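According to the numbering used here, the stretch in the sequence shown is residues 22 to 447, in order.
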Amino acid sequence: MKKNLGTICIHGGWKPSKGEPQQLPICQSTTFRYETSDQMARLFDLEEEGYFYTRLANPTNDAVAKKIAALEGGVGAVLTSSGQAASLFSIINICKSGDHIVSSNNIYGGTFNLFGVTLKQMGIECTFVDPDWDDERIHASFRPNTKCFFGESISNPGGKVLDFERFVAIAHSHGVPIIVDNTFPTPINCRPFEWGVDIITHATTKYMDGHATQVGGCVVDSGNFDWDAHADKFPGLTTPDASYHGLTYTKAFGRKAYCIKLVTHLMRDLGSIPAPQNSFLLNIGLETLHLRMAKHCENAQKVAEWLQANPKVGWVNYAGLPTDKYYALAQKYMPNGTCGVIAFGLKGSREEAIRFMDNLDFISIVTHVADARTCVLHPASHTHRQLSDEQLRAAGIAPDLVRLSVGIENVEDIIADLEQAMAKMD
Ligand code: PLP
22 MKKNLGTICI HGGWKPSKGE PQQLPICQST TFRYETSDQM ARLFDLEEEG YFYTRLANPT
82 NDAVAKKIAA LEGGVGAVLT SSGQAASLFS IINICKSGDH IVSSNNIYGG TFNLFGVTLK
142 QMGIECTFVD PDWDDERIHA SFRPNTKCFF GESISNPGGK VLDFERFVAI AHSHGVPIIV
202 DNTFPTPINC RPFEWGVDII THATTKYMDG HATQVGGCVV DSGNFDWDAH ADKFPGLTTP
262 DASYHGLTYT KAFGRKAYCI KLVTHLMRDL GSIPAPQNSF LLNIGLETLH LRMAKHCENA
322 QKVAEWLQAN PKVGWVNYAG LPTDKYYALA QKYMPNGTCG VIAFGLKGSR EEAIRFMDNL
382 DFISIVTHVA DARTCVLHPA SHTHRQLSDE QLRAAGIAPD LVRLSVGIEN VEDIIADLEQ
442 AMAKMD
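Given below as structure tokens:
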């Protein structure tokens with residue numbers, strides 16, 4: 022039976038049979054027992070599916086991955102120990118030293134650093150592009166050794182909406198997949214696969230969990246990118262893998278090749294699985310994702326309108342505001358709402374942002390974002406403090422930008438807290 026997203030949030034991934042637990046059980050075992058050596062050998066040869074070691078697969082982790090795959094409409098998903106690991110693995114599953122990627126410059130600071138610094142140290146070069154550049158300039162950033170385009174559906178912290186159709190067309194014209202970090206709108210508000218995106222990543226740490234209880238990530242595959250049509254670019258998927266007795270992933274696993282390689286190759290060699298306990302906590306969060314996202318958007322819309330009407334506020338970026346540069350794209354790709362994250366700047370110097378935040382009552386200063394509790398951050402002083410002013414501008418972040426992650430408390434109280442913090446600045 023085809024199910025709607027709210028039903029998948031609750032029932033996806035785990036269907037107990039007679040006498041089994043109603044709630045997804047935590048399978049806290051590193052390993053799984055077999056009766057004959059041959060049974061185990063068949064698993065190692067990938068001839069049969071089954072559990073043998075939690076670094077490669079675990080029933081609790083798998084159930085939650087299946088739920089997220091169903092929410093995104095993908096053929097498979099793999100959970101990772103953090104959002105950072107998901108971003109890294111999504112790339113190195115198809116890139117090796119000597120390769121190149123193109124990425125939007127409007128991305129989370131940690132991802133910006135991972136691509137610009139750490140991938141470079143691994144021999145993978147990244148060219149950052151401003152998604153607002155014209156097509157010609159974006160096309161010119163691709164090279165013969167480019168292996169993918171990466172962007173965020175709604176950028177953290179700038180709140181810019183990626184034009185999926187445009188970037189899908191650009192990436193595919195160069196014979197490479199497009200990978201989108203869909204952390205902020207979540208599949209409840211935005212389903213990038215329906216617009217041609219090939220691979221999705223998530224920091225499940227954020228809205229999917231929603232209660233700040235675990236750090237985690239996920240990579241989801243649409244199964245739609247034709248690796249064999251560009252076989253010379255993706256030898257890891259399309260030619261025999263010596264470490265798996267000459268098995269070729271696309272031949273053996275068809276549309277699931279990318280996900281299976283991510284587990285059997287990257288998880289085998291690099292690790293980075295979540296603890297089953299964390300997947301259990303994530304699953305509890307997912308059960309209310311559809312309810313929470315609607316409330317985050319309703320509250321954020323009211324707060325954004327209040328900020329926009331406030332004389333102390335210099336500017337507000339929120340794609341739900343009709344005056345926002347990305348309003349039309351948001352209406353097209355996420356018509357039911359975007360997310361709860363607002364970027365704004367106070368009039369005056371960048372120190373005003375710091376004074377304002379120090380005056381807040383229950384709204385907390387945390388590095389975290391996309392949580393049930395309203396929280397605030399000044400990226401130039403916190404998450405992005407490793408970036409120079411020039412790099413901040415290159416990443417589309419104004420030095421005065423305050424990131425306000427609107428929670429699901431009573432909105433009148435959120436606005437009252439903002440109001441009293443601003444009043445104390447007079
Ligand atoms: N992607 C986005 C959009 C994020 O906001 C973050 C973290 O804030 C990450 C990825 C990285 O996730 P994690 O902190 O779980 O490693």
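Note that CB positions come from ideal geometry on N, CA and C, so glycine has one too. All figures in this text were calculated on a predicted structure; none of them were measured in a lab.
Inset, instruction - Could you say which of R371, G71, L100 and Y270 lies nearest to M288 if we only look at CA atoms? - result: Sorting R371, G71, L100 and Y270 by C-alpha distance to the C-alpha of M288 places L100 at the top.
Inset, instruction - Could you have a look at L77 and say whether DSSP puts it in helix, strand or coil? - result: Three-state DSSP puts L77 in coil, outside helix and strand.
Inset, instruction - List the endpoints of the continuous beta strand (DSSP E) containing K23. - result: Segment: none, K23 is in no beta strand (DSSP E) and carries neither H nor E.
Legend entry - Three CB pairs or more closer than 8 angstroms across the stretch 313 to 332 and the stretch 103 to 111: No contact exists between the stretch 313 to 332 and the stretch 103 to 111.
Inset, instruction - State yes or no: is the C-beta of N203 within less than 8 angstroms of the C-beta of G417? - result: Taking a C-beta distance under 8 angstroms as the contact criterion, N203 and G417 do not qualify as a contact pair.
Inset, instruction - Consider the C-beta atom of K227 and the heavy atoms of the ligand PLP; say whether any pair is separated by less than 7 angstroms. - result: Yes, the ligand PLP has a heavy atom inside 7 angstroms of this Cβ.
Inset, instruction - Could you spell out where the beta strand (DSSP E) holding G180 opens and where it closes? - result: Membership of G180 in any beta strand (DSSP E) is not indicated, and neither H nor E is assigned to it by DSSP.
Inset, instruction - May I ask you to list the residues that DSSP assigns as paired with L398? - result: According to DSSP, which records beta bridges pairwise, L398 is partnered with R424.
Inset, instruction - Below 7 angstroms CB to CB, which residues in the same chain sit around A351 once its five sequence neighbours on both sides are set aside? - result: For A351, where only same-chain residues beyond five positions count, the Cβ hits under 7 angstroms are V182, A340, G341 and T359.
Legend entry - CB of G238 within 8 angstroms of CB of T259, strictly: No, they are not a contact pair.
Inset, instruction - Please state whether DSSP places F149 in a helix, a strand or coil. - result: It is a strand residue.
Inset, instruction - Answer yes if the stretch 208 to 227 comes into contact with the stretch 177 to 197, meaning at least three C-beta pairs across the two stretches below 8 angstroms, and no otherwise. - result: In short, these stretches touch, since the Cβ pair count reaches three.
Inset, instruction - Using only the heavy atoms of the ligand PLP, determine whether one of them is closer than 7 angstroms to the beta carbon of V390. - result: Flag set: Cβ of V390 near the ligand PLP.
Inset, instruction - Check whether the stretch 23 to 42 touches the stretch 248 to 256, taking contact to mean three or more Cβ pairs, one atom from each stretch, closer than 8 angstroms. - result: Output reads no: the stretch 248 to 256 does not touch the stretch 23 to 42.
Legend entry - Beta-carbon proximity check, C169 vs I145, cutoff 8 angstroms: Contact: no.
Inset, instruction - Inspect the beta-carbon positions of F136 and I122 and report whether they are closer than 8 angstroms. - result: Taking 8 angstroms as the Cβ cut-off, F136 and I122 qualify as a contacting pair.
Legend entry - N320, DSSP secondary structure in three states: Residue state, collapsed to three classes: helix.
Inset, instruction - Find out if the Cβ-Cβ distance for the pair T395, E430 is shorter than 8 angstroms. - result: Contact flag set, yes.
Legend entry - Distance CB(L381)-CB(G335) smaller than 8 angstroms: Going by C-beta atoms, L381 is not nearer than 8 angstroms to G335.
Legend entry - Rounded distance between the beta-carbons of C30 and H311, thought under 8 angstroms: About 5 angstroms separates the two Cβ atoms, so the contact holds.
Inset, instruction - Please confirm whether any heavy atom of the ligand PLP lies closer than 7 angstroms to the CB of D156. - result: Distances between the C-beta of D156 and the heavy atoms of the ligand PLP are all 7 angstroms or more.
Legend entry - Assigned exposure category for D345 - 16 Cβ within 10 Å defines buried: Answer is buried; the Cβ neighbour count reaches 16.
Inset, instruction - Consult DSSP for C30 and reduce its assignment to one of helix, strand or coil. - result: In the structure shown, C30 adopts helical secondary structure according to DSSP, grouped into three states.
Legend entry - Length at least 3, wholly inside the stretch 292 to 346: the beta strand (DSSP E) runs in chain order: Counting only runs that start and end inside the stretch 292 to 346, the beta strand (DSSP E) elements of at least 3 residues fall at 334 to 338.
Legend entry - Beta bridge counterpart(s) of T167 as assigned by DSSP: In DSSP, T167 forms a bridge with H121.
Legend entry - Near the ligand PLP: V218 beta-carbon under 7 angstroms from a heavy atom: Distances taken from the Cβ of V218 to the heavy atoms of the ligand PLP include none shorter than 7 angstroms.
Legend entry - Burial state of F383 (16 or more Cβ within 10 Å): If you draw a 10 Å sphere on the C-beta of F383, you find fewer than 16 other C-beta atoms in it, and that means exposed.
Inset, instruction - Tell me where the alpha helix (DSSP H) around C280 begins and ends. - result: Counting along the chain, the alpha helix (DSSP H) containing C280 begins and ends at A278 to K282.
Inset, instruction - Run the CB neighbour count on R158, radius 10 Å, all protein chains shown included, and call it buried at 16 or more, exposed below. - result: In the assembly as shown, R158 is an exposed residue. Its beta-carbon has fewer than 16 other beta-carbons within 10 Å.
Legend entry - Own chain residues within Cβ distance below 6 angstroms of M378, not counting five before or after: These residues qualify, in order along the chain: I386 and V397.
Inset, instruction - Go ahead and pull the three-state DSSP assignment for E173. - result: Strand, per DSSP.
Legend entry - Start and end residues, beta strand (DSSP E) containing V201: Under the DSSP assignment, V201 falls in the beta strand (DSSP E) whose first and last residues are I199 to D202.
Legend entry - Cβ neighbour criterion (16 or more within 10 Å) applied to Q441: Classification of Q441: exposed, given that the 10 Å Cβ count is below 16.
Legend entry - Where H160 sits in the DSSP three-state scheme: The three-state reading of DSSP puts H160 in helix, counting H, G and I together.
Inset, instruction - Closer than 8 angstroms by C-beta to I375: which residues in its own chain qualify, once you throw out the five before and the five after it? Chain order, please. - result: Excluding sequence neighbours, I375 sits near H399 and S402.
Inset, instruction - Using three-state DSSP, classify T461 as helix, strand or coil. - result: This structure gives no information on residue 461, because the portion of the chain shown stretches from 22 to 447.
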